[in-house]
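To start, the structure itself, in structure tokens.
Protein chains in written order, with the working numbering: chain C, 86 to 382; chain L, 7 to 294.
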């Protein structure tokens, strides 16, 4: 039996037509799956209530202890970190979830593999819907913070260039991490439902999303420093409310350019890792006949 | 079965079959069995069910430490994190269960079989409760060890009573939701998903419910875990009573009332659902 090679350039980089077709259709399909189970009003409530409730837990915790001292720099640190972290769950888990949905729920993954599409592009496209929903949730959460919780964002002082460049790189980085998880999901039958949640939960703890890394025990801090999300969140905070960055010593020694350099370098590392891991896992899944597996787990 | 193969001591009559209360209890045990034994057969579940809540617990503990909260709040978080295991179990393994069973084709078999659906739901609840109690206990022990939580139990008897009443009311609510979610069909998954963070917020999983306005806290008390958690915190932490929403005896009374309300409502809705499902032929329908 002739073995297929794990990596070949053709499977890595699709031609423009295949890329566009795969991405556009996947994005449309993802949006239909995410939104068509109910009417638009209920969908909007569903999309907003969950993240706002998550943010409100932190707000209540903070206000109980500090008697509502929302002017303190740690509040915007926590609030904005938590708001932008919604992208992690949305984009990363959204992409890996497409494998579970197509394989276990709709049982269509095998048809996707025989269709003339580029699979990684298709999976990235499936994450678009969650990206859109996450963007709306992030925006509403931040607007709520500005309107009611004294999160001071001066639009004239915002470093928009840094914000959009950081956001773009961060979303790409999360998409690569999602692809990595999607590859792993192709190979496992058990606990696939939790793999995204566990990864997002662990990163929430180690990336300094809602507390400065200095609060973590010393031996756990290196995990946070290896994660690109740590630098991404710091850059987003600095671009929106620069004063927050100076209030916490963890990354205050780094300039914006240095942080951006680290973020770019780590994103590149994760992109290469994602490509290698995804194609290796996909190759294994094909060889073991796991593409059309239905576990009913 | 071939009459010639019936046991000789039945003297030619068909073998005895359990009916009435015996069948009811047998069904409860039969449905509880896979939930308890399943956990023993696949231990990796335990890791996931303990590890996930512990991640959230740790994150909230570090938030409290970052803002300089008193140490008893760390204890509140650990206890709340342990109780999330029950809420998750009720949402995903009780409320959504009949919907999953329908998707897998088991629901019609359940209804065709000569047993009570209420017994099946009770079995699910009992099995889920036993298995989840072990997980919640593990989260409490691990969390208490990791974050060095001090406890000062005021009354073990009241603590046990509060826990049992909260669990009966909570799983009664799960039984009620099971019928409701079945009627809602594929929206069930989204509803379960939606009912996580908002309930963590309003039930005060990570802070005392007293922090809310009285009427917000009173409305949130419809969810049995709200008062259950509040009463347990009052009973196990030295400063718990000062941060309690209502007195422990009042909360015990309300929890007892919630037990009766949810179990009765679950039975009535289950009967309605069975009639509706049979009349409209929706038992085998699968809408993806």
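Ideal placement from N, C-alpha and C gives every residue a C-beta, glycine not left out.
So for residue 24(L), helix, strand or coil by DSSP? Residue numbering aside, residue 24(L) sits at position 18 when the second chain is read from its first letter. Residue 24(L): coil per DSSP, three-state reduction.
Which stretch, first to last residue, makes up the alpha helix (DSSP H) that contains residue 195(C)? Looking up residue 195(C) in the first chain gives position 110. First-last of the alpha helix (DSSP H) with residue 195(C): 194-199.
Hey, how far is the Cα of residue 281(L) from the Cα of residue 180(L)? For the purposes of this step, residue 281(L) is identified with residue 275 of the second chain, where counting begins at 1. For the purposes of this step, residue 180(L) is identified with residue 174 of the second chain, where counting begins at 1. If I take the Cα positions, the gap works out to 20 Å.
Of all the CB atoms in chain L, is at least one closer than 9 Å to the CB of residue 300(C)? Taking the first chain and counting its residues from 1, one reaches residue 300(C) at position 215. It does; some Cβ of chain L falls within 9 Å.
Using beta carbons (cut-off 9 Å, strictly below), is residue 370(C) in contact with chain L? Walking along the first chain from the start, residue 370(C) turns up at place 285. False, the Cβ-Cβ gap to chain L never drops below 9 Å.
Tell me the DSSP secondary structure of residue 187(C) in three-state form. Locating residue 187(C) in the first chain gives position 102, counting from the first residue. Of the three classes helix, strand and coil, the one that applies to residue 187(C) here is helix, per DSSP.
Reference residue 280(C); option with closest CA among 149(C), 272(C), 266(C) and 292(C): For the purposes of this step, residue 280(C) is taken as the residue at position 195 of the first chain. Checked all of 149(C), 272(C), 266(C) and 292(C); the closest Cα to residue 280(C) is 266(C).
Would residue 223(C) and residue 324(C) be called neighbours here (beta carbons separated by less than 9 Å)? Numbered from its first residue, the first chain carries residue 223(C) at position 138. Numbered from its first residue, the first chain carries residue 324(C) at position 239. No, these two residues do not count as a Cβ contact at 9 Å.
Which bits of chain L does residue 297(C) rub up against, with CB to CB less than 7 Å? Sequence index remark: in the first chain, residue 297(C) carries index 212 (1-based). The answer, in chain order, is 72.
Buried or exposed (CB count within 10 angstroms, at least 16 for buried), residue 278(L): Residue 278(L) sits at position 272 when you count from the first residue of the second chain. Under this definition residue 278(L) is an exposed residue.
For residue 370(C), the three-state DSSP class (helix, strand or coil): For the purposes of this step, residue 370(C) is taken as residue 285 along the first chain, with counting starting at 1. Helix.
Could one say the Cβ of residue 138(C) lies closer than 9 Å to chain L's Cβ atoms, at least one of them? On the first chain, position 53 is the one that residue 138(C) refers to. Yes - at least one Cβ of chain L is within 9 Å of the one on residue 138(C).
Using only the alpha-carbon positions, how far apart do residue 149(C) and residue 111(C) sit? Here residue 149(C) refers to the residue found at position 64 of the first chain. Here residue 111(C) refers to the residue found at position 26 of the first chain. Approximately 45 Å between the Cα atoms of the pair.
For residue 80(L) and residue 156(L), the rounded distance between their alpha carbons: For the purposes of this step, residue 156(L) is taken as residue 150 along the second chain, with counting starting at 1. For the purposes of this step, residue 80(L) is taken as residue 74 along the second chain, with counting starting at 1. In a straight line, the C-alpha of residue 156(L) is about 10 Å away from that of residue 80(L).
Quick one, which residues of the segment 277-290 of chain C are near chain L if we go by CB-CB under 8 Å, in chain order? 279, 282, 283, 286, 287, 289 and 290
Taking only the alpha-carbon atoms, compute the straight-line gap between residue 255(C) and residue 194(L) and give it to the nearest angstrom. Position 170 of the first chain, counted from the start, is the residue given in the question as residue 255(C). Position 188 of the second chain, counted from the start, is the residue given in the question as residue 194(L). Distance between the alpha carbons of residue 255(C) and residue 194(L) is about 33 Å.
Counting only runs that start and end within the segment 215-280 of chain L, where is the alpha helix (DSSP H) found for 4 or more residues in a row? 220-226 and 230-242
Touching or not, the segment 260-276 of chain C and the segment 176-196 of chain C, by the rule of three or more beta carbon pairs under 8 Å? yes
Since residue 64(L) is in the alpha helix (DSSP H), which residue starts that stretch and which ends it? The residue you call residue 64(L) lines up with position 58 of the second chain. It spans 50-72 - the alpha helix (DSSP H) in which residue 64(L) sits, taken as one unbroken run.
Just tell me which of 162(L), 284(L), 271(L) and 29(L) has its CA closest to the CA of residue 121(L). In the second chain, counting from the first residue as 1, residue 121(L) sits at position 115. Taking only the C-alpha atoms, the option nearest residue 121(L) is 29(L).
Please state whether the Cβ-Cβ distance between residue 219(C) and residue 176(C) is less than 9 Å. For the purposes of this step, residue 219(C) is identified with residue 134 of the first chain, where counting begins at 1. For the purposes of this step, residue 176(C) is identified with residue 91 of the first chain, where counting begins at 1. Yes.
Grab the span of the alpha helix (DSSP H) containing residue 160(C) for me, first residue to last. Position 75 of the first chain, counted from the start, is the residue given in the question as residue 160(C). Where residue 160(C) is concerned, the enclosing alpha helix (DSSP H) stretches over 159-172.
Using the C-alpha atoms, what's the distance from residue 231(L) back to residue 141(L)? On the second chain, position 135 is the one that residue 141(L) refers to. On the second chain, position 225 is the one that residue 231(L) refers to. Roughly 16 Å between the two C-alpha positions.
Specify the secondary structure class of residue 362(C) as computed by DSSP and reduced to three states. Here residue 362(C) refers to the residue found at position 277 when the first chain is read from its first residue. The answer is helix: DSSP assigns residue 362(C) an H, G or I state.
In the segment 193-204 of chain L, which residues sit with their C-beta less than 7 Å from some C-beta in chain C, listed in chain order? 193, 196, 200, 203 and 204
Is residue 146(C) close to chain L, meaning its C-beta is less than 9 Å from at least one C-beta of that chain? Translated into the one-based positions of the first chain, residue 146(C) becomes position 61. So, interface residue.
For residue 127(L), is the classification buried or exposed, using 16 other Cβ atoms within 10 angstroms of its Cβ as the cut-off for buried? Here the question's residue 127(L) lines up with position 121 in the second chain. Per the 10 Å Cβ criterion, buried.
Can you list the residues of chain L that residue 163(C) reaches, using a CB-CB cut of under 7 Å? For the purposes of this step, residue 163(C) is taken as residue 78 along the first chain, with counting starting at 1. Simply 69.
Drop a sphere of 10 angstroms on the beta-carbon of residue 164(C), count the other beta-carbons inside from all chains shown, and report buried for 16 or more, exposed for fewer. Translated into the one-based positions of the first chain, residue 164(C) becomes position 79. That one is buried.
Buried or exposed, going by whether 16 or more other CB atoms sit within 10 Å of the CB of residue 1(L)? Missing from the structure shown is residue 1(L); chain L here goes from 7 to 294 and no further.
Taking 9 Å as the CB-CB limit, is residue 76(L) close to chain C? Here the question's residue 76(L) lines up with position 70 in the second chain. By this cut-off, residue 76(L) is an interface position.
Which whole-angstrom value describes the C-beta separation of residue 322(C) and residue 166(C), a residue pair presumed to lie in contact below a C-beta threshold of 8 Å? Against the first chain, residue 322(C) aligns to sequence position 237. Against the first chain, residue 166(C) aligns to sequence position 81. Between residue 166(C) and residue 322(C) the Cβ distance is about 7 Å, and since that is below 8 Å, they are a contact.
Run through DSSP, which three-state label would residue 120(L) get? Position 114 of the second chain, counted from the first residue, corresponds to residue 120(L). Residue 120(L): coil per DSSP, three-state reduction.
What residues from chain L crowd round residue 143(C), counting only those whose CB sits closer than 7 Å? Here residue 143(C) refers to the residue found at position 58 when the first chain is read from its first residue. Those within 7 Å of residue 143(C) in chain L are 69.
Identify, in the order they occur along the chain, each residue of the same chain with its Cβ nearer than 6 Å to the Cβ of residue 86(C), setting aside the five sequence neighbours on each side. Here residue 86(C) is taken as the residue at index 1 of the first chain, counted from 1. Residue placement at residue 86(C) is flagged as unreliable, the pLDDT there being 44, under the threshold of 50; the coordinate-derived value follows with that caveat. Cβ within range, chain order: n/a, list empty.
When burial is assigned at 16 or more other CB atoms within 10 Å of the CB, is residue 294(L) buried or exposed? Position 288 of the second chain, counting from 1, holds the residue named residue 294(L). Here residue 294(L) scores only 49 on pLDDT, less than 50, and its place in the model should not be relied on; the value that follows carries that caveat. When all chains shown are included, residue 294(L) counts as exposed.
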